[in-house]
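Peer 1: My structure is below; once you've seen it, I'll send some questions.
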């Protein structure tokens, strides 16, 4: 793990533990997509460390309509999103979407799992309930626990769209379904033999407690995304007012700066121009 990765991981929690307001300090309020939140927290914490005159606070997550309503009401400065954005409609509402990164969507496993990669067909066996132990894939005689997010969530949509045999697979009762990114992370970490779907950013931030496996022998790294070999990805958007306040302009500029892009890379994602 690089020094930058250690720094990024160390400061991830700061934004939510500091008080929301202090005299002489500007507060930047962010909420929205659960899936984008871990990356936004890393960037926000680094921005806060870079500029101590700012406190960055995060909400508990908002759905597609609620996040834009909160932005319109000015109860938040930035709405996090990954899909479902109508750019023309945003413009009519006086909003703008800033695509800051692409994050690999990965199959993450509990440290007890020794398998390094699964083929697309094997993944379909996992999430259709056809496989019950890791021995089926050359691993230990260990019970397999498959976990998914709900159907409407981006991570689930990405793997269904990106892996042909998953498109029509009905999720059996043997596959656990969890509501949030944090729920997924906890489920993978706490269940021996677990495999779930999450972003590379969360895996990076929980190094040692879970790890990502390859798909058809291709590792889910930013380099493989750049080469076009790993295609399971989701974008990360920061949505703001089209004419945002200065604190938002500063945050967006930091996210696109070399320092901000380094944090994005250290978080397992790929900065976008």
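Residue numbers (our numbering): 2 to 274.
Yeah, the Cβ is synthetic: ideal placement off N, Cα and C, and Gly gets one too.
1) In whole angstroms, what is the alpha-carbon distance linking residue 22 and residue 43?
2) Mind checking who residue 189 pairs with in its DSSP beta bridge?
3) Helix, strand or coil: which one does DSSP assign to residue 208?
4) Using beta-carbon positions only, say whether residue 143 and residue 62 come within less than 8 Å of one another.
5) Does the beta-carbon distance from residue 94 to residue 73 come in below 8 Å?
6) Once the 5 residues before and after residue 85 are set aside, which same chain residues still bring their CB inside 6 Å of it?
7) Between 96, 139 and 104, which lies nearest to residue 117 when the distance is taken from Cα to Cα?
8) So residue 238 packs on residue 78, CB below 8 Å; how close in whole Å?
9) Taking the alpha-carbon positions, what's the residue 27 to residue 81 distance?
10) Please report the distance separating the alpha-carbon of residue 163 from that of residue 232.
11) If you compare alpha carbons, which of 168, 97 and 40 is closest to residue 242?
12) Tell me whether residue 47 is buried or exposed, calling it buried when 16 or more other Cβ atoms sit within 10 Å of its Cβ.
13) If contact is defined by three or more beta carbon pairs under 8 Å, each pair taking one atom from either stretch, is the stretch 176 to 192 in contact with the stretch 221 to 228?
14) Using DSSP's beta-bridge definition, name the partner residues of residue 236.
15) Taking Cβ to Cβ, would you say residue 198 is nearer than 8 Å to residue 149?
16) Quick check on DSSP: helix, strand or coil for residue 137?
17) How many Å lie between residue 76 and residue 30 at the Cα?
18) In this structure, how does DSSP classify residue 215 when only helix, strand and coil are distinguished?
Peer 2: In terms of the structure at hand:
1) Position 21 of the chain shown, counted from the start, is the residue given in the question as residue 22. Position 42 of the chain shown, counted from the start, is the residue given in the question as residue 43. Because residue 22 carries a pLDDT of 42, less than 50, the predicted location of this residue cannot be relied on, and no value is offered for it.
2) Within the chain shown, numbered from 1, the residue matching residue 189 stands at position 188. In DSSP, residue 189 forms no bridge with anything.
3) Position 207 of the chain shown holds residue 208. Reduced to three states, the DSSP call for residue 208 is strand.
4) For this step, residue 143 is matched to residue 142 along the chain shown. For this step, residue 62 is matched to residue 61 along the chain shown. Not a contact, by the Cβ cut-off of 8 Å.
5) Along the chain shown, read from residue 1 onward, the residue named residue 94 stands at position 93. Along the chain shown, read from residue 1 onward, the residue named residue 73 stands at position 72. Residue 73 is positioned such that its CB atom lies closer than 8 Å to that of residue 94.
6) Your numbering for residue 85 matches position 84 in the chain shown. Hits under 6 Å: 65.
7) Looking up residue 117 in the chain shown gives position 116. It is 139.
8) Position 237 of the chain shown holds residue 238. Position 77 of the chain shown holds residue 78. Not a contact, Cβ separation roughly 14 Å.
9) In the chain shown, the residue the question calls residue 27 occupies position 26. In the chain shown, the residue the question calls residue 81 occupies position 80. Computed Cα separation, rounded: 20 Å.
10) Taking the chain shown and counting its residues from 1, one reaches residue 163 at position 162. Taking the chain shown and counting its residues from 1, one reaches residue 232 at position 231. Roughly 7 Å between the two C-alpha positions.
11) Position 241 of the chain shown, counting from 1, holds the residue named residue 242. Considering only alpha carbons, the answer is 97.
12) Position 46 of the chain shown, counted from the first residue, corresponds to residue 47. Buried: at least 16 other Cβ atoms inside 10 Å.
13) Contact between the stretch 221 to 228 and the stretch 176 to 192 is absent, because fewer than three Cβ pairs lie under 8 Å.
14) The residue given as residue 236 occupies position 235 in the chain shown. Residue 236 is bridged to 103.
15) Walking along the chain shown from the start, residue 198 turns up at place 197. Walking along the chain shown from the start, residue 149 turns up at place 148. Closer than 8 Å, so yes.
16) Here residue 137 refers to the residue found at position 136 of the chain shown. In the three-state reduction of the DSSP assignment, residue 137 falls in the helix class, which pools H, G and I.
17) Counting from 1 along the chain shown, the entry for residue 76 is found at position 75. Counting from 1 along the chain shown, the entry for residue 30 is found at position 29. If you take the alpha carbons of residue 76 and residue 30, they lie about 8 Å apart.
18) By one-based count along the chain shown, residue 215 stands at place 214. In the structure shown, residue 215 sits in a strand (DSSP, three-state: E or B).
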